[in-house]
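**Q** This is the structure I want to talk about, given as structure tokens.
In the working numbering, the protein residues as written are -19 to 135.
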């Protein structure tokens, strides 16, 4: 059997200064849209994880249609009027991935702090977690799950 021949070409883009300005404006608008969507997705994350389609659920929250004439977050559509649907869906999926990674990292770190507490790796001599819970203080335990995995291999 012969292997199929795959041809790959690389073409460098050389946009004119005018096109470069339009590309930059598009990227800035996309980033602003993702930032606005981040608040929506973070606020409804528990419901969105249970939804059949996260993208459709977020669109119901932000996009006005004949079936959903009053979206909960109408400011998104007001601010980003006529935002292309392909970019809207790509932004929703991008933000979903960001929030999912953040949620996963947070749960791993919570598990790491609990394991560090159980293994008596806290900085306090009595093994208790510090009572100060203000966000301005130093971290209670500078421990992550990857650090504990490294310790587990040495134990």
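All residues carry an ideal CB built from backbone N, CA and C; glycine is no exception.
Here the structure is a predicted model, which means the values were calculated and not measured.
Need the endpoints of the alpha helix (DSSP H) that residue 46 sits in, please.
**A** No alpha helix (DSSP H) contains residue 46, which DSSP labels as neither H nor E.
**Q** I'd like to check one pair, residue 40 with residue 163: are the Cβ atoms closer than 8 Å?
**A** Limits of the chain in this structure are -19 at one end and 135 at the other, which puts residue 163 out of reach.
**Q** Could you give the distance in angstroms between the alpha-carbon of residue 139 and the alpha-carbon of residue 36?
**A** The chain is shown from -19 up to 135; residue 139 falls before or after that span and cannot be answered.
**Q** Roughly how many whole angstroms lie between the Cα atoms of residue 71 and residue 54?
**A** 17 Å
**Q** With a threshold of 7 Å on Cβ separation, who are the neighbours of residue 21 within its own chain once the five nearest residues in sequence on each side are excluded?
**A** 28, 38, 75, 76, 79
**Q** Of all the beta strand (DSSP E) runs that stay within the bounds of the region -17 to 63, which reach a length of 3 or more residues?
**A** The region -17 to 63 contains no whole beta strand (DSSP E) run of 3 or more residues.
**Q** What's the call for residue 61, buried or exposed, on a 16-neighbour Cβ count within 10 Å?
**A** exposed
**Q** How would you label residue 34, buried or exposed, when you count the other beta carbons within 10 angstroms and need 16 or more for buried?
**A** buried
**Q** Can you grab the Cα-Cα spacing for the pair residue 31 / residue 44, in whole Å?
**A** 19 Å
**Q** Could you work out which residue in 24, -8, 66, 13 is closest to residue 59 when comparing CA atoms only?
**A** 13
**Q** Return the chain-ordered list of same chain residues with a C-beta closer than 8 Å to the C-beta of residue 10, the five sequence neighbours on each side being excluded.
**A** 67, 71
**Q** Buried or exposed for residue 42, going by 16 or more other Cβ atoms inside 10 Å?
**A** buried
**Q** To the nearest angstrom, how far is it from the Cα of residue 18 to the Cα of residue 7?
**A** Whole-angstrom Cα-Cα distance: 16 Å.
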